[in-house]
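First the structure, in the form of structure tokens, and then the observations on it.
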Amino acid sequence: MSVTYDVTRSSQAARIAAGLGAVILLLLIAAPWWAGRAELRLIGEICLFLSLASLWNLMAGYAGLVSVGQQAYVGFGGYMLFALTIFGGLHPLAAIALAGVLGALVSVPVAALIFRLRGAYFAIGTWVMAEVFRLSFAQVSALGGGSGTSLPTDIVRSLAEGRAAREALAYWLALAASVLVVASVYLFLRSRRGLALTAIRDNELAAASLGIDIWRTKFVVYVVTSALTAMVGALIFLQKLRISPDAAFSVNDWTAFVIFIVVIGGIGTIEGPIIGTLLFFALRETLADLGTTYLLVLGSVAIVVMLKAPKGVWGLIRSRFDLELFPLGFRVRRTDQKGA
Amino acid sequence: MAILQLASLSKSFGAVTVADALTYEVQQGQALGVIGPNGAGKTSMFNLITGTLAPDSGRVVFDGRDVTGLGAAARSRLGIARSFQVPQPFSHLTVFENAMVAATQAAGFWGREAEMLCLDVLERTGLMDKANRRAGGLTLLDRKRLELTRALCARPRLLLLDEIAGGLTEAECQSLVETIRDIHASGVSIIWIEHVVHALLAVVDRLVVIDYGRKIGEGDPRAVMASREVQEIYLGIEADA
């Protein structure tokens, strides 16, 4: 009898979850045929918030970069969509892709600046940068200055013929964005550099002495996150068809709600933002008629979750059932073989 | 040929000097022991060698290349690995994943190759039955084993061990000495800081004594241990007595 070991990166639960996920994805792709206009809009919005939440979670939950200024890139992406289509004459889809590239470019000098700050100072720094973005775009009179502008109808028409087709396309783009973001985060965290990022989160001293370039790893995460956030921002304002500095760079909409989602869902897990997004929209849809009471309830929920389940709803589920739907780790299995 | 050369390396924090014109060499394949009283600057010397600390003056030359300007990560990728005196595990990762970090980031392997290396090292360091445990839940002894495991998974050419035998029972210490001897026999150069002198002497072929950041003795282990400077430090004999 000899003992050998092997290593696995999957699990039964993960395979079942993958199967279920595929079925749900197929249903969602078909949504324009079974859902009404309002529902389609809502699911699209859910997808976009899921994207923002997953990206913020990658930064804050894995890279330890707690930013309260991601609205800088949401707004930047939105404005790029308007600027590139109105003045650049680009097709909206090309403008969305280019908004991502420009988001990455603009995030490089921003990172060089704010990476000098740590912890709470970093958080405040990101917010200040977002305000700089907002005030800068409010100066551009060609884009409506402080009061904003609408996407011209000929550009909207260039997307697809007919309102239904346009709405379906906007919905599919939002769905594609969320699949792209969640899949990228998952594959990144399973990669060699993802393992490095997880190590940095646990112990920077040990990580550095094992060959991990901490600054560069965090920098890459920041730039990639910013690029994808800018693309999501462009998609958000493609749905809205109207942009203004206050809406584009709203800390409430694009950062506070996103932090709420990640924290109640479970920060530092891929599953957390998914659960958090569903909870957030369930609360919003049931409480929206209550006006400001709705925000009071959100705040209370956040406080209760932080006190009772600091690792969020998914943290609670995971510790009880030892469940991982997106397996990132490695498991060593013992395999006993008779004879040799 | 020297794998490591320290050339009058100095570092102070205000009035506290942790390295004072430190100069010595470690030959390829050599095992060098380092002793000295608490606070003599032994761990700081490791921080200077690995790049965790930048010296005020002097040079660190690894394998013929001046690495003084390189950070800890770059030096680790060149083949310098260390175990920390106070264990620094990745607490939320499992023992195996801790090992994988070293194998993938420092040694540069990925996939099956990295996994095989980690399994092999875990078997040698006796942590295999705890491979799937979270590192944060390990006992002190196992944390020290994990330090050694990670350092080995980095596939080092120079291994720095910082008081790895402290607090072990006699039997555990004996098996640790065996493990380190094996590592040494496989051609890895070693610098070992240790207060458990008999464990140290069982492995090293050269000894350096450090006090107040200065090298006050160097040479054959037994001769150095018998020397007047070491006797003064460890037994408190007055120099003029």
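Just so you know, the sequences run in chain order A and B. Under our numbering, the first residue of the first sequence carries the number 1, and numbering increases by one thereafter. Under our numbering, the first residue of the second sequence carries the number 1001, and numbering increases by one thereafter. Don't be surprised by glycine CBs; every beta carbon is placed ideally from N, CA and C.
(request) Buried or exposed for B/L1176, please, with buried defined as at least 16 other CB atoms from any protein chain shown within 10 angstroms of its CB. (result) buried
(message) Using only the alpha-carbon positions, how far apart do A/R157 and A/G268 sit?
(response) 41 Å
(message) Give me the chain A residues within the contact set of B/A1154, using Cβ-Cβ distance strictly less than 8 Å, ordered along the chain.
(response) L210, G211
(message) To be precise: take each residue of the segment 1104-1126 of chain B, compare its Cβ to all Cβ atoms of chain A, and keep it if any distance is under 7 Å. Which residues remain?
(response) Correct list: T1104, Q1105, A1106, W1110, E1115, L1119.
(request) Taking only the alpha-carbon atoms, compute the straight-line gap between A/A227 and A/V140 and give it to the nearest angstrom. (result) 22 Å
(message) Under 8 Å: do the segment 253-263 of chain A and the segment 54-68 of chain A share three or more Cβ pairs, one atom per stretch?
(response) With the cut-off at 8 Å, the segment 253-263 of chain A and the segment 54-68 of chain A touch.
(request) Go to B/Y1024, then tell me how far its alpha helix (DSSP H) extends in each direction, as first and last residue. (result) Looking at the DSSP string, B/Y1024 is not in any alpha helix (DSSP H); the run it does join, the beta strand (DSSP E), is 1016-1027.
(message) Considering only their Cβ atoms, is the gap separating A/F82 from A/L151 smaller than 8 Å?
(response) A distance below 8 Å separates the beta carbons of A/L151 and A/F82.
(message) Closest to A/P109 by C-alpha separation, out of A/L238, A/W254, A/Y222, would be which residue?
(response) A/Y222
(request) In the DSSP assignment, find the beta strand (DSSP E) that holds B/L1009 and state where it starts and stops. (result) Element bounds for B/L1009: 1002-1013.
(request) Check A/K311 in the structure and name its three-state DSSP category. (result) coil
(request) Under 8 Å between beta-carbons, which chain A residues line up against B/V1197? List them in chain order, please. (result) What B/V1197 touches in chain A: nothing, since even the nearest Cβ is about 26 Å away.
(request) Closer than 7 Å by C-beta to A/A160: which residues in its own chain qualify, once you throw out the five before and the five after it? Chain order, please. (result) Annotation for A/A160: R166, L169 place their beta carbon closer than 7 Å to its own, counting only its chain and skipping 5 residues before and after.
(message) A/T4 and A/T335 - do their beta-carbons sit closer together than 8 Å?
(response) yes
(request) Going by DSSP, name the residue or residues bridged to B/L1207. (result) B/G1033, B/G1219
(message) By the DSSP assignment, the alpha helix (DSSP H) with A/G103 in it spans what residues?
(response) 92-114
(request) Go through its chain and collect everything with a Cβ distance to A/S11's Cβ below 8 Å, but skip five positions before and after it. (result) E324, P327, R331
(message) Under DSSP, the alpha helix (DSSP H) around B/V1060 begins and ends at which residues?
(response) Run containing B/V1060: none in the alpha helix (DSSP H); it sits in the beta strand (DSSP E), 1057-1062.
(message) By the 9 Å beta-carbon criterion, what residues does the segment 131-142 of chain A contribute toward chain B?
(response) none
(request) Identify the continuous alpha helix (DSSP H) that holds B/I1164 and give its terminal residues. (result) Neither: B/I1164 is in no alpha helix (DSSP H) and is coded neither H nor E.
(message) Our contact map puts A/F115 next to A/W215 with C-beta atoms below 8 Å; I'd like the distance itself, whole angstroms only.
(response) 7 Å
(message) Tell me which residues of the segment 1046-1058 of chain B have at least one Cβ-Cβ distance to chain A shorter than 9 Å, keeping chain order.
(response) T1050, G1051, T1052
(request) Using a Cβ-Cβ cut-off of 8 Å, state whether B/V1101 counts as contacting chain A. (result) Residue-level contact check: B/V1101 touches chain A, since one or more beta carbons of chain A fall below 8 Å from its beta carbon.
(request) Would you give the residue range spanned by the alpha helix (DSSP H) that A/A248 belongs to? (result) 245-248
(request) Taking A/I264 and A/A302 to be in contact with their CB atoms under 8 Å, please state how far apart those CB atoms are, rounded to whole angstroms. (result) 6 Å
(message) Starting from B/W1257, trace the alpha helix (DSSP H) in both directions and tell me its first and last residue.
(response) Nothing can be reported for residue 1257 of chain B, as the shown portion of chain B is limited to 1001 through 1241.
(request) Using the Cα positions of B/E1218 and B/L1207, report the straight-line distance between them to the nearest angstrom. (result) 6 Å
(request) Mind checking the segment 315-339 of chain A against chain B and listing, in chain order, the residues whose C-beta falls within less than 8 Å of any C-beta there? (result) G329, F330, R331, V332
(message) Does chain A have any CB closer than 8 Å to the CB of B/E1163?
(response) no
(request) Specify whether the segment 1119-1138 of chain B and the segment 177-197 of chain A touch according to this definition: at least 3 beta carbon pairs, one from each stretch, less than 8 Å apart. (result) As far as the Cβ criterion goes, the segment 1119-1138 of chain B does not touch the segment 177-197 of chain A, which means the pair count is below three.
(request) Starting from the C-beta of A/I236, find all residues in its chain whose C-beta is less than 7 Å away, skip the five residues before and the five after it, and write them out in chain order. (result) L48, V74, G78
(message) Between which residues of its own chain and A/G44 is the CB-CB distance below 6 Å, once the five residues before and five after are set aside?
(response) Y171, A174
(request) Could you tell me whether any Cβ in chain A is nearer than 8 Å to the Cβ of B/S1044? (result) Chain A has no Cβ within less than 8 Å of the Cβ of B/S1044.
(message) Based on DSSP bridge pairs, tell me the residues matched to B/I1193.
(response) B/V1034, B/D1162
(message) Quick check on this structure: which residue in B/L1009, B/K1215, B/A1114 has the alpha carbon closest to the alpha carbon of B/S1057?
(response) Closest option to B/S1057, Cα to Cα, is B/L1009.
(message) Measuring straight from C-alpha to C-alpha, what distance separates B/V1101 and A/L290?
(response) 50 Å
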